[in-house]
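Quick notes on the structure that follows.
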Amino acid sequence: MESPSYLDPEYFEAAHARYMRGAEEYALQDPDEPPAEPADPAPEPIPAPLPEPSPAPIPEPPAQFKQHLTPIFVLTAIFGALFIILPLLVRKGPNKGIVQCSLMLTVACMYIFWVTVDR
Numbered sequence: 000m001e002s003p004s005y006l007d008p009e010y011f012e013a014a015h016a017r018y019m020r021g022a023e024e025y026a027l028q029d030p031d032e033p034p035a036e037p038a039d040p041a042p043e044p045i046p047a048p049l050p051e052p053s054p055a056p057i058p059e060p061p062a063q064f065k066q067h068l069t070p071i072f073v074l075t076a077i078f079g080a081l082f083i084i085l086p087l088l089v090r091k092g093p094n095k096g097i098v099q100c101s102l103m104l105t106v107a108c109m110y111i112f113w114v115t116v117d118r
């Protein structure tokens, strides 16, 4: 037996296909009668008129306070110097690389803490 085609009118009008499209439509309709035309569509609503533009000028944003960036620059310079100088002061030994890496990581974390934490 051959598989039914979805474009076949007999398959398209089969009971399970009608159920999927809404069995209520077909239960109320006579199969020999053509479908009824829809009623007149509702008239489109009239859009509300746009308000008149305001003649008042737009106020300017409030003045901003002067930003003091000097402390950030000073902290960046101090921690940058520590980041470069401290690893150079580590003595020779089996764990020199680990100690240098730990110092650099500590300085980086301290910098992040002191620059980003706000009162």
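The sequence shown begins at 0 in numbering that gives the first Met the number 0 and counts up one residue at a time. Here a beta-carbon is modelled for each residue, glycine too, at the ideal position from N, C-alpha and C.
Fewer than three pairs of CB atoms, one per stretch, sit closer than 8 angstroms, so the segment 62-72 makes no contact with the segment 39-54. Remark: C-beta atoms of residue 74 and residue 86 do not approach each other more closely than 8 angstroms. Judged by DSSP in its simplified three-state form, residue 70 adopts helix. Residue 114 is classed as exposed because its beta carbon has fewer than 16 other beta carbons within 10 Å across all chains shown.
Here residue 116 is exposed, its C-beta having fewer than 16 other C-beta atoms within 10 Å.
Under the three-state reduction of DSSP output, residue 49 falls in the coil class, being neither helix nor strand. Distance from residue 106 to residue 81 at the Cβ level is roughly 5 angstroms; contact confirmed, criterion being Cβ atoms closer than 8 angstroms.
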